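Novice:
Residue numbers (our numbering): 4 to 175.
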């Protein structure tokens, strides 16, 4: 992501045991229903399908919830990237998405939608304690700043002061 700090030594250590996974899809995992013809999410949740039904996504024709990796850090193994690149369905979908006007906000779920169509994909959720977000939201939930050097990724670094803060925390 263009405003994320990635701690490469921590990421490398976390991925070390996954080197033998041929089709890896790694990061902070959320779930959403999806309307591919409109490139629209419907019913985002951290797990389960409650939001999907709460917002009537099923009645609107959306595909049921599937896992996708959030854009702050998406790791795809070489095998996964090659499989996507070789997929006629993925190429057709990508061409249609590129031609559409309003897809930028949903690129994470669009990638996840296509990833779910590949055989042999392994989803690995980044440890929850290792991803942080500097966004200010009225309901903080999972959005919180890092307090010690445990962050593989910190998202929403929008100012020089925020970058200095993250660097100080990461430097110990």
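Using N, Cα and C, we set each Cβ at its ideal position, and we do this for glycine too.
Predicted model only: the values in this text are computed from it and were never measured.
Could you compute how far the alpha carbon of residue 151 sits from the alpha carbon of residue 173?
Specialist: 7 Å
Novice: Residue 170 by DSSP, collapsed to three states: which one?
Specialist: In this structure, residue 170 counts as helix in the three-state DSSP scheme.
Novice: For the beta strand (DSSP E) containing residue 157, name the first residue and the last one.
Specialist: 156-158
Novice: How long is the line joining the alpha carbons of residue 111 and residue 175, rounded to whole angstroms?
Specialist: 31 Å
Novice: Are there 16 or more other CB atoms within 10 angstroms of the CB of residue 81, so buried, or fewer, so exposed?
Specialist: Exposed: under 16 other Cβ atoms inside 10 Å.
Novice: Thinking C-alpha only, which one of 78, 79 and 118 is nearest residue 97?
Specialist: Per the Cα distances, 118.
Novice: Assign residue 33 to buried or exposed, taking buried as 16 or more other Cβ atoms, counted over all protein chains shown, within 10 Å of its Cβ.
Specialist: buried
Novice: Since residue 3 sits in a beta bridge, which residues does DSSP pair it with?
Specialist: Outside the modelled stretch of the chain, which goes from 4 to 175, sits residue 3, for which no answer is possible.
Novice: What does the Cβ neighbour count give for residue 35, buried or exposed, with the cut at 16 atoms within 10 Å?
Specialist: buried
Novice: Residue 132: buried (16+ other C-beta within 10 angstroms of its C-beta) or exposed?
Specialist: Per the 10 Å Cβ criterion, exposed.
Novice: Counting along the chain, where does the beta strand (DSSP E) carrying residue 68 start and finish?
Specialist: 66-72
Novice: Can the beta-carbon of residue 83 be found less than 8 Å from the beta-carbon of residue 21?
Specialist: no
Novice: Suppose the cutoff is 6 Å on Cβ atoms and the five residues either side in sequence are ignored; what does the same chain contact list for residue 163 look like?
Specialist: The answer is none, since no qualifying residue turns up.
Novice: Taking the alpha carbon of residue 25 as the reference point, which residue from 102, 78, 113 and 160 has its own alpha carbon closest?
Specialist: Nearest option by C-alpha distance: 78.
Novice: Excluding five sequence neighbours on each side, which residues of the same chain lie with their C-beta closer than 6 Å to the C-beta of residue 31?
Specialist: Around residue 31: 73, 129 and 134.
Novice: Work out the CA separation of residue 120 and residue 113 for me, nearest whole Å.
Specialist: When only Cα atoms are considered, residue 113 and residue 120 end up about 12 Å apart.
Novice: Counting C-beta neighbours from all protein chains within 10 Å, is the total for residue 91 16 or more, i.e. buried, or is it exposed?
Specialist: exposed
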